[in-house]
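K.L.:
Just dropping this structure here.
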């Protein structure tokens, strides 16, 4: 692990209430637990949410492994409460969404909470340390191979570790590293989409008819103008908007806590784009969009929806006078139309109108939009059903490998690889 132990992962913004200090290794992304340690801690128990493992194993097997992963989280302190279990209420949301060209994806959800995540991950680490050695501040530089078979890794400090099997789990922060290594090893890379959009902040009461039932309503929309797929992502009831620093750029994200609440709910609206030949740099494109926001706003930009619709930038005064007060205090009032391409803005505005039909108030002038929110996924290495690469005994798992987009499927991907290795060792 190139980052720090979980008890040493301290973000300067949290302790000194300052703007992002642009640390070389972001404490919110690197270290034990990865980005998940500071995530909202939502366990989506549907096989159709949070990853693409259904392409590698059967849905029945995936559901069984999700159940096992969920039970493990409970063992280490995840709460017993489940959202989305009332079938009649779920059916009502599905019907209402369908009437307005939205697809609601039902899922049972267990919410750990950003604050409780650290405690759960600490217990997992303490349990593992009885069986394995964990190295922190140890950055992997190269995978070592011989005759198309893995035989170890070399760290950035030159230290080498020999191994018959290697599992790569670099996380979202390490997706570019995995892509570089895959190219160096001449592995086949498959195109993964890049998700670009904004984080929306509204009064919590507006979304309560949905979040009280399902906690995280997963809604999918196909825009009328461009027929692009737009989706809600990472809904945080009573949460706060936060910044993340990744390799020279700031992006926006959201958290919610088990033991504290704000007056607002936030969620992302993301447009998924799969580029076609000759362009094959989706991560670079997403970084460029986020970089535009940084250039114009010295970080993250916030804009009232009413100002965006009127074709004007937001000012500090107009935001202060608004009904929704930003939870990310150092976001710069600005104009997202200078950041996001017209196609993305059009998609997002259309979906806001659609969501407003099932949750009146979402499309209000006072709604806040933060940008840019970008989700980077690695160029997906070609993998077998056990998540093995074209290099023998080298496996790639998790969000950084492009096979998952959430805690549960990331966990399951590790289980898939581990079970295959155990089978070969028997």
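In the working numbering, the protein residues as written are 40 to 465. Glycine residues also receive a C-beta, built at the ideal position from the N, C-alpha and C atoms. All values reported here derive from a predicted model rather than from experimental measurement.
Go through its chain and collect everything with a Cβ distance to residue 398's Cβ below 8 Å, but skip five positions before and after it.
P.N.:
The residues are 245, 246, 248, 249.
K.L.:
Terminal residues of the continuous alpha helix (DSSP H) containing residue 454?
P.N.:
Its alpha helix (DSSP H) spans residues 446 to 464.
K.L.:
Do residue 309 and residue 234 have their CB atoms nearer than 8 Å?
P.N.:
Yes, they are a contact pair.
K.L.:
On a CA-only basis, which of 173, 277, 311, 386 is nearest residue 299? Give me that one, please.
P.N.:
The shortest Cα separation from residue 299 among 173, 277, 311, 386 belongs to 277.
K.L.:
So which of 47, 126, 296 has the shortest CA-CA distance to residue 147?
P.N.:
The candidate whose alpha carbon is nearest that of residue 147 is 126.
K.L.:
Does the pairing of the region 449 to 461 with the region 419 to 426 give three or more beta-carbon distances under 8 Å?
P.N.:
Verdict: yes, contact present.
K.L.:
Return helix, strand or coil for residue 55, following the three-state DSSP convention.
P.N.:
In this prediction, residue 55 has a pLDDT of 49, which is less than 50 and means its spatial position is unreliable; what the coordinates show is noted afterwards. Looking at residue 55 - three-state DSSP - the assignment turns out to be helix.
K.L.:
For a quick check, are the C-beta atoms of residue 82 and residue 447 less than 8 Å apart?
P.N.:
Contact flag set, yes.
K.L.:
Taking only the alpha-carbon atoms, compute the straight-line gap between residue 292 and residue 432 and give it to the nearest angstrom.
P.N.:
Cα to Cα, residue 292 sits roughly 35 Å from residue 432.
K.L.:
Could you say if the region 250 to 269 and the region 378 to 393 meet the contact criterion of at least three C-beta pairs nearer than 8 Å?
P.N.:
These segments touch.
K.L.:
Within 10 angstroms of the Cβ of residue 355, are there 16 or more other Cβ atoms? Answer buried if so, exposed if not.
P.N.:
It is exposed - the Cβ of residue 355 has fewer than 16 other Cβ atoms within 10 Å.
K.L.:
Going straight from the alpha carbon of residue 161 to that of residue 316, what length do you get?
P.N.:
Computed Cα separation, rounded: 44 Å.
K.L.:
If you scan the region 152 to 225 from start to end, which runs of the alpha helix (DSSP H) of 4 or more residues do you find wholly inside it?
P.N.:
Whole alpha helix (DSSP H) segments, 4+ residues: 153 to 167, 214 to 223.
K.L.:
Since residue 143 sits in a beta bridge, which residues does DSSP pair it with?
P.N.:
According to DSSP, which records beta bridges pairwise, residue 143 is partnered with 258.
K.L.:
In chain order, what residues of the same chain have a beta carbon less than 8 Å from the beta carbon of residue 228, not counting five sequence neighbours either side?
P.N.:
For residue 228, where only same-chain residues beyond five positions count, the Cβ hits under 8 Å are 218, 221, 222, 418, 419, 420, 421.
K.L.:
Are three or more beta carbon pairs between the region 365 to 384 and the region 339 to 354 nearer than 8 Å?
P.N.:
Judged by Cβ distances under 8 Å, the region 365 to 384 makes contact with the region 339 to 354, as three or more pairs qualify.
K.L.:
Among 183, 78, 360, whose alpha-carbon lies nearest the alpha-carbon of residue 198?
P.N.:
The option with the nearest alpha carbon to residue 198 is 183.
K.L.:
What are the start and end residues of the alpha helix (DSSP H) that includes residue 102?
P.N.:
Residues 98 to 114.
K.L.:
With distances taken from CA atoms, which of 105, 95, 375 is nearest residue 335?
P.N.:
Of the listed residues, the one whose Cα sits closest to residue 335 is 375.
K.L.:
Distance cutoff 8 Å, beta carbons only. Does residue 90 sit that close to anything in chain D?
P.N.:
Within the model displayed, chain D is absent; a lone protein chain is all it includes.
K.L.:
Let me confirm a value: residue 279 is counted as buried when at least 16 other C-beta atoms fall within 10 Å, else exposed. Which label applies?
P.N.:
So residue 279 counts as buried.
K.L.:
If the criterion is Cβ atoms closer than 8 Å, does the pair residue 243 and residue 273 meet it?
P.N.:
No, Cβ-Cβ distance for residue 243 and residue 273 is not below 8 Å.
K.L.:
Going by alpha carbons, who is nearest to residue 209 out of 180, 151, 120, 96?
P.N.:
Residue 180 is the option with its Cα nearest to residue 209.
K.L.:
Could you tell me if residue 4 is buried or exposed, where buried requires 16 or more neighbouring beta carbons within 10 angstroms of its beta carbon?
P.N.:
No statement about residue 4 is possible, as the shown extent of the chain runs from 40 to 465 and does not include it.
K.L.:
Beta-carbon within less than 8 Å of residue 252's beta-carbon, same chain only, minus the 5 sequence neighbours each way: which residues are those?
P.N.:
For residue 252, where only same-chain residues beyond five positions count, the Cβ hits under 8 Å are 122, 123, 125, 128, 129, 132.
K.L.:
Quick one: what's got a C-beta closer than 6 Å to residue 314's C-beta in the same chain, skipping five residues either side?
P.N.:
Cβ within range, chain order: 321.
K.L.:
Which same chain residues, not among the five before or five after residue 236, have their C-beta less than 7 Å away from its C-beta?
P.N.:
Excluding sequence neighbours, residue 236 sits near 307, 308, 309, 310, 383, 387, 412.
K.L.:
Among residues of its own chain, excluding the 5 on either side of residue 93, which ones have a beta-carbon nearer than 8 Å to its beta-carbon?
P.N.:
Result list for residue 93: 86, 87, 101, in chain order.
K.L.:
Closer than 7 Å by C-beta to residue 91: which residues in its own chain qualify, once you throw out the five before and the five after it? Chain order, please.
P.N.:
These residues qualify, in order along the chain: 442.
K.L.:
Counting C-beta neighbours from all protein chains within 10 Å, is the total for residue 444 16 or more, i.e. buried, or is it exposed?
P.N.:
Burial call: buried.
K.L.:
For the beta strand (DSSP E) holding residue 285, just list the boundary residues, first then last.
P.N.:
Per DSSP, residue 285 belongs to the beta strand (DSSP E) from 279 to 285.
K.L.:
Going by Cα to Cα distance, which pick from 402, 152, 41 is closest to residue 295?
P.N.:
Ranking the options by Cα distance to residue 295, first place goes to 152.
K.L.:
How close, in whole Å, do the beta carbons of residue 373 and residue 175 come, if the pair is a contact with beta carbons under 8 Å?
P.N.:
With a Cβ gap of about 38 Å, residue 373 and residue 175 do not count as contacting.
K.L.:
Starting from the C-beta of residue 405, find all residues in its chain whose C-beta is less than 6 Å away, skip the five residues before and the five after it, and write them out in chain order.
P.N.:
Hits under 6 Å: 361, 362, 363.
K.L.:
Just to confirm my understanding: we take residue 318, look at its own chain, exclude 5 residues before and 5 after, and list those with CB closer than 8 Å. What are they?
P.N.:
324.
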